Structure formats: C-alpha cells, structure tokens
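A short write-up of the structure that comes next.
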Amino acid sequence: MSLEAVLLDFNSLIINDETIRQKALEEIIIGENLLYDSSDYRRFCLGRSPRDGLNQLLSNRGRILSETNLTKLIERQSKIYLNYVNEIEDLEIYPNFQDFLELLQSHNLRIAIVTGALVAEVNLVLEKTGLTPYINLIISGELVQKSKPDAESHLLACQKLGLTPNQCLAIETTFLGINAAKNAQIPVVGLANLYPVHILQRRANWVVDYLSELELERIMLKY
Numbered sequence: 003m004s005l006e007a008v009l010l011d012f013n014s015l016i017i018n019d020e021t022i023r024q025k026a027l028e029e030i031i032i033g034e035n036l037l038y039d040s041s042d043y044r045r046f047c048l049g050r051s052p053r054d055g056l057n058q059l060l061s062n063r064g065r066i067l068s069e070t071n072l073t074k075l076i077e078r079q080s081k082i083y084l085n086y087v088n089e090i091e092d093l094e095i096y097p098n099f100q101d102f103l104e105l106l107q108s109h110n111l112r113i114a115i116v117t118g119a120l121v122a123e124v125n126l127v128l129e130k131t132g133l134t135p136y137i138n139l140i141i142s143g144e145l146v147q148k149s150k151p152d153a154e155s156h157l158l159a160c161q162k163l164g165l166t167p168n169q170c171l172a173i174e175t176t177f178l179g180i181n182a183a184k185n186a187q188i189p190v191v192g193l194a195n196l197y198p199v200h201i202l203q204r205r206a207n208w209v210v211d212y213l214s215e216l217e218l219e220r221i222m223l224k225y
C-alpha cells in the first residue's frame with residue numbers, strides 16, 4: 003500500500019478567512035434580531051459546515067428554524083462571504099501553500115479539498131488565487147448529510163477517488179477536522195494555523211507549524 007492522495011481542509015488552510023466568516027455570521031445573526039458575540043464563530047462554527055454551525059448557534063439562542071428557512075439563511079450567509087472575497091483585489095494564500103501543492107504533484111499525489119464550506123465559496127477562492135488546476139476533487143458541505151467530526155466527507159472523498167482510507171493523508175487545522183479524519187481511519191497532519199502546535203500534538207499523527215516543515219517523503223514511508 004502507498005500514499006495516493008492528500009485530503010485538504012479549506013477554511014484557514016488555503017486563506018486566512020476567519021475574519022470574513024465572522025463578519026458574514028455577524029450580519030446574519032444581527033439580521034435575525036439576535037445578539038452576536040465575538041466568540042460565537044469559534045464556539046459554534048469553526049470546523050463545522052455552515053448548516054451545522056448556524057443551526058447550533060441559533061439553537062443556543064432559542065431560535066429553531068425549519069429546514070427551508072435555515073437553507074435561506076445559509077444562502078444569504080454564503081452570498082455575504084462571496085461578496086467580501088470578491089472585494090479583495092489580491093487574495094493572499096497562506097505562505098508556501100502553492101509550493102506545497104506543487105510538491106504533492108511532483109510525487110504524483112492526487113489532491114482533494116474536504117470541507118463543510120459551500121462549493122461556490124471554494125471555487126471562488128481557488129479561482130482568485132489561481133489554484134484551481136491543482137485540485138482533483140472537491141467534497142463540499144452540500145454533498146454530505148453529516149458535518150465534521152463525522153467521517154462522512156472524508157470517506158466520500160476516498161470513494162470518489164477510488165481509494166481506501168489507508169491510501170490517503172488528511173491535513174486539518176481544527177479539532178473537528180482532525181477528529182473527522184481519524185474517525186475515517188485516515189492518518190492526519192495537524193497544521194497550526196489556528197491553534198499552537200502543543201495543543202494539536204495529542205490529537206493528530208503529525209503536527210507542524212508550517213506546511214514547509216512537513217517531511218512528506220518521511221510520511222510516505224509510513225504507507
């Protein structure tokens with residue numbers, strides 16, 4: 003068995019979009035005449051799909067919505083996010099991310115994005131950053147019923163790629179993402195874009211501060 007594909011998180015891995023997502027969430031919550039707290043995004047939404055995160059936040063505020071109304075809010079939230087991203091003339095990716103994609107390609111590894119974000123958001127970011135040609139597969143929030151930390155999205159990626167979990171490597175930035183990969187029996191790298199290395203060390207198989215520190219060839223020997 004050998005490593006054949008790398009499954010990448012999206013939010014806070016390709017671009018640092020946490021501030022944009024917080025602004026979009028704040029507009030939605032205030033629009034529902036509810037109080038917004040600056041901790042709400044990390045508490046309820048970080049690492050989750052928009053549906054799961056927004057549903058949990060609204061439930062915490064005592065607001066229960068029908069699936070139809072929740073879908074409308076998610077669509078509004080996504081439009082706000084897309085507008086913010088479109089307004090950024092030079093959308094910056096995390097340092098060394100494109101170099102890392104080229105490294106993966108040089109080892110003939112397929113590259114998938116596995117995320118709870120909506121596909122329109124992923125496609126816009128990839129287009130604006132020129133990264134679309136590197137990506138072989140996108141598993142977005144619309145394609146699964148269960149959000150991370152459930153294994154569904156990672157297992158669907160394996161299925162679409164025609165691979166088993168032990169032929170894949172996941173790279174995640176959140177606790178929920180790391181747990182999702184582990185629940186799918188996929189070895190996982192914790193990338194310290196959001197949390198310090200020492201916080202991630204007990205959760206992931208490998209942990210790095212930067213993708214440039216990842217010893218890919220050494221990891222490939224484990225497969």
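Residue numbers for the sequence shown follow the working numbering, so the first one is 3 and each next one is one higher. Even glycine gets a Cβ: it sits at the ideal position worked out from N, Cα and C. This structure is a prediction, so every number in the text was calculated from the model and none was measured.
Which two residues bound the contiguous alpha helix (DSSP H) that contains residue i?
i	result
Val-87	69-89
Val-121	121-131
Arg-23	20-33
Asp-211	Taken as a continuous stretch (DSSP letters only), Asp-211 belongs to no alpha helix (DSSP H), as it is neither H nor E.
Asn-13	Element bounds for Asn-13: n/a, residue is neither H nor E.
Gly-55	52-62
Met-3	Careful: Met-3 lies outside any alpha helix (DSSP H) and carries neither H nor E.
Gln-107	99-108
Leu-218	218-222
What residue range is occupied by the uninterrupted beta strand (DSSP E) comprising residue i?
i	result
Glu-174	170-174
Ile-113	112-116
Ile-140	139-141
Leu-10	7-10
What residue from the options has the CA that sits closest to residue i's CA?
i	options	result
Ile-22	Ser-61, Ile-140, Glu-123 and Val-146	Glu-123
Gln-100	Tyr-136, Tyr-83 and Thr-70	Tyr-136
Ala-7	Ser-80, Cys-170 and Asp-39	Cys-170
Gln-147	Thr-117, Arg-63 and Met-222	Thr-117
Ser-108	Leu-145, Val-190, Gln-79 and Glu-219	Glu-219
Ser-80	Pro-52, Ile-66 and Arg-63	Pro-52
Met-222	Leu-106, Gln-203, Phe-177 and Leu-93	Leu-106
Pro-198	Glu-217, Phe-177 and Val-190	Phe-177
Tyr-96	Gly-64, Leu-193, Gln-203 and Leu-145	Leu-193
Leu-216	Phe-102, Glu-91 and Gln-203	Phe-102
Gly-64	Cys-160, Val-190, Arg-204 and Ile-31	Ile-31
If the criterion is Cβ atoms closer than 7 Å, does the pair residue i and residue j meet it?
i	j	result
Ala-114	Leu-75	no
Gly-179	Gly-49	yes
Leu-126	Leu-84	yes
Ala-226	Leu-9	Absent from the model: residue 226. The displayed extent of the chain is 3 to 225, so no value can be given.
Leu-196	Thr-175	yes
Gly-143	Leu-163	no
Asn-98	Leu-213	yes
Ser-149	Asp-11	no
Tyr-225	Ser-4	yes
Is residue i near the ligand ATP - that is, is its Cβ less than 6 Å away from at least one heavy atom of it?
i	result
Thr-134	By its list of ligands, the structure shown contains no ligand whatsoever, and the ligand ATP lies outside what it can speak to.
* To do: Report yes or no: do three or more beta-carbon pairs, one from the segment 14-27 and one from the segment 127-138, lie closer than 8 Å?
  => They touch, by the three-pair rule.
* **At least 3 beta-carbon pairs within less than 8 Å: the segment 205-212 vs the segment 22-36** => No, the segment 205-212 does not touch the segment 22-36.
* Determine, using beta-carbon pairs with one atom in the segment 184-199 and one in the segment 147-164, whether at least three such pairs fall under 8 Å. => Yes, the segment 184-199 touches the segment 147-164.
* Asked: Is there contact between the segment 55-63 and the segment 31-46, where contact requires at least three CB pairs shorter than 8 Å?
  -> The answer is yes - the segment 31-46 touches the segment 55-63, with three or more Cβ pairs under 8 Å.
* Asked: What are the complete beta strand (DSSP E) segments, minimum 3 residues, inside the segment 157-205?
  -> Counting only runs of 3 or more, we get 170-174 and 190-193.
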